[in-house]
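The structure appears right after this line, and notes come after that.
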Amino acid sequence: MVQFYSESLAFTVSDRVKDEGGALRACFMRTDLEHHALAVFRAPEARLDHHSYETGDWDDIRRWADSLAERRIPIFWGVGRHGPGNDLFFMVKDPDDNLVEISAEIEQCTVDRTEGLWPHERRTLNVWGQAIMRS
1 MVQFYSESLA FTVSDRVKDE GGALRACFMR TDLEHHALAV FRAPEARLDH HSYETGDWDD
61 IRRWADSLAE RRIPIFWGVG RHGPGNDLFF MVKDPDDNLV EISAEIEQCT VDRTEGLWPH
121 ERRTLNVWGQ AIMRS
């Protein structure tokens, strides 16, 4: 999957997540200076994990969370901060049980940014605490 997006569609790899044996578990790829437009995870089944919508900053994250609370839509995961991308986030579930992410303050890469490497551990997915390991 990474090869297709990087070679065929010219995505740039921002960060890779590898396990202790060196196997690729996740890869974050971009098409511009924003850290990632696509993240792929090695998982037991091929499927969409979640879709994400970007908002501006911490205050916007709070407003989104407050608005969803008024509608009695509980936060499923978060609020947290991802390692790769350094973005703030939380996730809710839609009526079909799909994960929907609201995120803010994602890393803006420089043109000469080198590819990062992260360990396959919970802290990589949420540097502030609990994580949902899918890969």
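Residues 1 to 135 in my numbering are what the sequence shown lists, from first letter to last.
From the three backbone atoms N, C-alpha and C, an ideal C-beta is built for every residue, glycine too.
As the structure is a computational prediction, the values presented were derived from the model and not from experiment.
**Message:** For residue 115, count the other beta carbons within 10 Å of its own beta carbon; 16 or more makes it buried, fewer makes it exposed. Which is it?
**Reply:** When all chains shown are included, residue 115 counts as exposed.
**Message:** For residue 132 and residue 64, which I take to be in contact (beta-carbon distance under 8 Å), what is that distance rounded to the nearest angstrom?
**Reply:** Actually they do not touch by this definition, with Cβ atoms about 19 Å apart.
**CB contact flag (residue 9, residue 16, <8 Å)** = The answer is no: Cβ separation not under 8 Å.
**Request:** Decide if the region 119-129 is in contact with the region 66-81; the criterion is three or more beta carbon pairs, one per stretch, under 8 Å apart.
**Result:** Yes: at least three Cβ pairs fall under 8 Å.
**Message:** Relative to the C-alpha of residue 5, which candidate in 93, 36, 22 has its C-alpha closest?
**Reply:** Nearest option by C-alpha distance: 36.
**Request:** Report, in whole angstroms, the separation of the C-beta atoms of residue 106 and residue 94, which I expect to be a contact under 8 Å.
**Result:** In this structure, residue 106 and residue 94 do not form a Cβ contact; the two beta carbons are roughly 22 Å apart against a cut-off of 8 Å.
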